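Below: one structure, written as structure tokens.
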Amino acid sequence: MKKRKYLFFTFLFISVAFIVLGLLSGEFRVVWQKAVTVCLECIGIG
Amino acid sequence: MKTGTLKTEARRRIFQIIAALGFNLDFLSLLKGNISQVKTKGLCVPALNCYSCPAAVGACPVGALQNSLNTLRYNLGAGQKKLGLYVIGSLGLMGIIGGRLPCGWLCPFGLLQELVYKVPVPKVKLPAFLTNLRYLVLAVMVLLLPLLVVDTSGLGLPWFCKWVCPAGTLEAGIVLSILNPAIRAQLGFLFAWKLSLLILFLVWMAVSMRPFCRTVCPLGTILGFFNRVSAFRMNVDLDRCIVCNACQKVCPVNIRIYEDPDSSQCIRCLKCEPVCPTSCISHGFSLTEKKEDEPVKIQP
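Line by line, the protein sequences give chains A and B.
The first sequence begins at 10 in this note's numbering and counts up one residue at a time.
The second sequence begins at 6 in this note's numbering and counts up one residue at a time.
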């Protein structure tokens with residue numbers, strides 16, 4: 010069966026496309042900004 | 006115990022320790038009591054590792070996903086095209102390569118659970134129905150509540166991080182409250198709740214193997230969806246399987262790998278491989294189906 014192979018490449022393509030589109034719209038910086046700020050919810054304050 | 010078992014386990018433990026240190030490499034920030042500001046924190050790590058841990062050098066994908074969702078309506082309202090595609094794509098890439106392989110080999114919280122389980126106390130089997138709770142946690146706490154419950158400006162909360170995540174309490178909450186007096190002064194009910202939950206999980210970890218991974222972890226649940234299509238996969242030669250269940254006896258998530266090698270619960274720790282008396286279990290990176298991999302129901 011080649012189903013797994015097709016699904017693998019489909020998901021791989023979608024994942025890479027999403028990453029590229031996200032990077033182009035500046036989402037790397039959004040994730041970074043959140044990650045370098047103390048998350049009050051995570052530590053149990055906010 | 007076979008030599009192969011020790012070899013695989015030793016190798017896996019080394020991977021887990023290197024990953025735990027590698028994801029939390031900024032010891033300087035840890036000493037200062039502040040959280041790391043390194044540029045790599047824009048990258049999602051393939052593990053449940055809180056980005057508010059002072060030494061963390063990567064972003065927790067579950068936290069990043071919730072933050073993408075809880076700001077989505079605000080961003081759309083403000084005309085910004087930040088849809089969280091980068092985080093979703095990162096999760097997809099992790100999953101499509103290894104499925105739940107990172108759970109077994111890289112996750113620091115998985116390592117903690119395995120170490121706590123070594124405490125010599127009576128062990129209790131985890132009821133099978135509880136393993137379905139993880140789908141509810143993912144759907145409600147990680148996806149729906151952050152997306153739907155928003156304030157007037159359109160901003161929501163990371164509900165899983167806030168009310169559930171014991172990794173955040175352990176790696177960030179406790180560490181920062183010890184190191185930072187300003188944070189310590191603000192602790193209240195929420196911290197007490199999260200600390201109680203962490204203690205509960207620690208007790209549960211001592212009596213049951215990997216209870217958090219099996220009943221709650223949203224990252225494991227997401228990666229588990231990819232076990233059926235990932236490049237890394239488990240194979241079972243059913244012609245050689247004698248259904249002795251030696252694999253299930255050592256399995257940290259208590260599954261019968263011969264029933265379904267692509268089970269969404271399998272964390273690909275490979276503990277089952279060396280204990281198989283007929284060596285019918287194998288693993289590898291492969292995209293083609295094999296005849297022997299067809300899932301079957303065998304009455305033991």
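Think of the CB as a built atom: it goes at the ideal place given N, C-alpha and C, for glycine as much as any other residue.
All figures in this text were calculated on a predicted structure; none of them were measured in a lab.
- Annotation: V62 of chain B to P279 of chain B spans about 35 Å, alpha carbon to alpha carbon.
- Put simply, the backbone Cα of W209 of chain B is about 44 Å away from that of L33 of chain A.
- Fewer than three Cβ pairs drawn from the segment 139-153 of chain B and the segment 48-64 of chain B lie within less than 8 Å of each other, which leaves the two stretches out of contact.
- Taking G89 of chain B as the centre and dropping the five residues before and after it, the same chain places the C-beta of S73 closer than 6 Å to its C-beta, in chain order.
- Note on geometry: alpha-carbon atoms of R219 of chain B and Q270 of chain B lie some 7 Å from one another.
- Beta-bridge annotation (DSSP): C49 of chain B is paired with B:A64.
- When rounded, the separation of the alpha-carbon atoms in R273 of chain B and C281 of chain B is 15 Å.
- Per DSSP, the unbroken alpha helix (DSSP H) holding N80 of chain B starts and ends at 77-82.
- Each of B:K46, B:R105, B:G68 was checked against the Cα of T226 of chain B, and the nearest Cα belongs to B:R105.
- Note on S95 of chain B: 16 or more other CB atoms within 10 angstroms of its CB, so buried under the neighbour-count rule.
- For F196 of chain B, the chain A residues whose C-beta falls within less than 9 Å of its own C-beta are I52, G53, I54, listed in chain order.
- According to DSSP, residue pairing for R238 of chain B in a beta bridge involves B:G289.
- Fewer than three pairs of CB atoms, one per stretch, sit closer than 8 Å, so the segment 186-202 of chain B makes no contact with the segment 105-122 of chain B.
- Judged by DSSP secondary structure, C218 of chain B falls within the alpha helix (DSSP H) whose first and last residues are 216-220.
- Taken through DSSP and simplified to helix, strand or coil, G89 of chain B comes out as coil.
- Identification of residues in the segment 249-277 of chain B having a C-beta nearer than 8 Å to some C-beta of chain A yields an empty set.
- When the five nearest sequence neighbours on each side are left out, the beta carbons in the same chain lying within less than 8 Å of the beta carbon of I93 of chain B are those of L70, S73, in order along the chain.
- For G173 of chain B, no pairing in a beta bridge is given by DSSP.
- Straight-line spacing of the CA atoms in N185 of chain B and A177 of chain B works out to 11 Å.
- The C-beta distance from I23 of chain A to Y91 of chain B rounds to 13 Å, too long to fall under 8 Å, and the pair is not in contact.
- Around V92 of chain B, the beta-carbon contacts reaching into chain A at under 8 Å are G31, E36, V40.
- For L33 of chain B, none of the residues of chain A pass the 9 Å Cβ criterion, the least Cβ distance being about 14 Å.
- For the segment 165-184 of chain B, the set of residues with a beta-carbon nearer than 8 Å to any beta-carbon of chain A comprises C166, K167, C170, G173, T174, A177, G178, L181, S182, in chain order.
- Just measuring C-alpha positions, the residue of B:R261, B:L224, B:I247, B:C277 sitting nearest P51 of chain B is B:L224.
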